[in-house]
Amino acid sequence: MLHEFIRYLEAERRYSPLTVRNYRRDIERFLAWRGDDDATFDPRSVSADDIREWILHRSEADGVGAASMNRELSSLRSFFRWLHRTGRVEKEVMSRIPALRTPHRLPAFVPESRMTGIVGDCETESDAPLRERDSLIVLMLYACGLRLAELIGIDCDDFSDDYRTLRIRGKGDKERIVPVMEFVREKILRYLDLIRRQNICKSGEKALFLTLKGERVSRTAVYRIVQRELGRGGVQGKKSPHVLRHTFATHLLNGGADMREIQELLGHASLQATQVYTHNSIARLREVYAKAHPREKGGK
606 MLHEFIRYLE AERRYSPLTV RNYRRDIERF LAWRGDDDAT FDPRSVSADD IREWILHRSE
666 ADGVGAASMN RELSSLRSFF RWLHRTGRVE KEVMSRIPAL RTPHRLPAFV PESRMTGIVG
726 DCETESDAPL RERDSLIVLM LYACGLRLAE LIGIDCDDFS DDYRTLRIRG KGDKERIVPV
786 MEFVREKILR YLDLIRRQNI CKSGEKALFL TLKGERVSRT AVYRIVQREL GRGGVQGKKS
846 PHVLRHTFAT HLLNGGADMR EIQELLGHAS LQATQVYTHN SIARLREVYA KAHPREKGGK
């Protein structure tokens with residue numbers, strides 16, 4: 606039975622080898638806990654209480670966290686859904702098992718005071734093409750709120766003629782227009798002039814961000830650039846392109862921008878995806894309250 610399900614994942618769902626391996630491991634672990642294997646397992650004997658006992662066992666005895674447990678439950682849910690669809694069970698036992706609640710994690714972002722210094726460093730002019738490129742990468746991730754894939758995909762003709770707006774191709778090939786602030790525009794024009802003078806773009810590559818060979822820069826390279834630049838700026842904790850996107854959104858919200866406007870700039874399909882940044886804003890207000898409110902200070 607499990608063997609057939611695995612073949613279904615590979616042939617029909619076309620899951621990756623890693624995903625298939627995880628499904629197999631999760632299901633085999635559940636069967637072993639029941640004292641079964643693929644040959645002896647009777648799915649009709651499994652009840653919702655059995656699943657709940659399994660969750661308790663994995664959570665308490667094995668110390669599995671909620672997020673990991675939810676992934677294992679997802680494997681079982683897919684398995685029992687397939688069993689029901691193929692007529693091997695009459696009811697989907699997993700339909701009565703909700704996902705476990707996971708701790709809410711606030712998006713990491715760089716404080717405004719720290720980001721001001723990083724932006725100042727990035728604005729410093731250099732005659733080295735890579736230095737100008739790397740600085741511009743950080744500025745555009747932060748000033749335009751771009752995803753990593755969006756940044757890498759920028760072509761020179763995605764800008765308006767005056768380089769004051771930029772057309773972005775986001776998730777699902779949805780396009781949006783974002784404004785380019787003046788200090789970023791000046792950096793773009795300087796960078797383009799520099800790579801032209803040094804004949805880096807001779808290959809005809811349309812990409813904005815190029816290697817010294819004139820090829821489009823890679824995801825890995827951008828990730829390393831951001832890590833290095835944020836580390837140089839004294840940022841602690843997570844350092845990634847997405848942290849700069851979170852920073853963009855958080856700073857806009859703290860500055861009084863409307864949630865709908867931030868949603869449009871980020872290219873979020875729903876407002877719910879944008880509302881996570883309100884938690885960062887509230888956390889900041891609590892800090893201000895704790896440090897500045899007379900009653901709070903007096904209570905301490």
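Residue numbers (the numbering used here): 606 to 905.
Glycine included, every Cβ here is placed at the ideal spot set by N, Cα and C.
Start and end residues, beta strand (DSSP E) containing residue i
| i | result |
| --- | --- |
| residue 721 | First-last for residue 721: 717–728, but that is the alpha helix (DSSP H), not the beta strand (DSSP E). |
| residue 751 | From DSSP, residue 751 is part of no beta strand (DSSP E); its letter is neither H nor E. |
| residue 770 | 770–774 |
Outcome for residue i when other beta-carbon atoms lying within 10 angstroms are tallied against a minimum of 16
| i | result |
| --- | --- |
| residue 805 | buried |
| residue 737 | buried |
| residue 895 | exposed |
| residue 761 | exposed |
| residue 883 | exposed |
| residue 794 | exposed |
Residue i: first and last residue of the uninterrupted alpha helix (DSSP H) it sits in
| i | result |
| --- | --- |
| residue 783 | Element bounds for residue 783: not the alpha helix (DSSP H) but the beta strand (DSSP E), 780–784. |
| residue 759 | Here residue 759 belongs to no alpha helix (DSSP H), and DSSP marks it neither H nor E. |
| residue 795 | 787–802 |
| residue 607 | 607–616 |
| residue 686 | 671–690 |
| residue 655 | 653–661 |
Residue i versus residue j - alpha carbon distance
| i | j | result |
| --- | --- | --- |
| residue 825 | residue 741 | 16 Å |
| residue 667 | residue 626 | 20 Å |
| residue 648 | residue 609 | 14 Å |
| residue 707 | residue 748 | 31 Å |
| residue 744 | residue 874 | 24 Å |
| residue 692 | residue 810 | 55 Å |
| residue 812 | residue 756 | 10 Å |
| residue 854 | residue 725 | 19 Å |
| residue 866 | residue 831 | 26 Å |
7 Å CB neighbourhood of residue i in its chain, flanking five on each side removed
| i | result |
| --- | --- |
| residue 617 | none |
| residue 614 | 620, 625, 628 |
| residue 934 | Outside the shown range of the chain (606 to 905) lies residue 934, about which nothing can therefore be said. |
Cutoff 8 Å; reference residue i; Cβ partners in own chain excluding five residues on either side
| i | result |
| --- | --- |
| residue 638 | 659, 662 |
| residue 606 | 643, 646, 648, 688, 693 |
| residue 814 | 738, 741, 742, 756, 757, 759, 821, 822, 827 |
| residue 686 | 697, 699 |
Proximal residues to residue i (C-beta, below 6 Å), its chain only, five neighbours per side dropped
| i | result |
| --- | --- |
| residue 849 | 746, 747 |
CB contact check: residue i to chain C, cutoff 8 Å
| i | result |
| --- | --- |
| residue 656 | As a matter of chain content, chain C is missing from the structure shown, which is built from one protein chain. |
(message) Using 8 Å as the cut-off, can you tell me whether the stretch 713–724 makes contact with the stretch 836–850, which would need three or more C-beta pairs spanning the two stretches below that distance?
(response) yes
(message) Any contact between the stretch 667–682 and the stretch 614–632? By contact I mean 3 or more CB pairs, one from each, below 8 Å.
(response) yes
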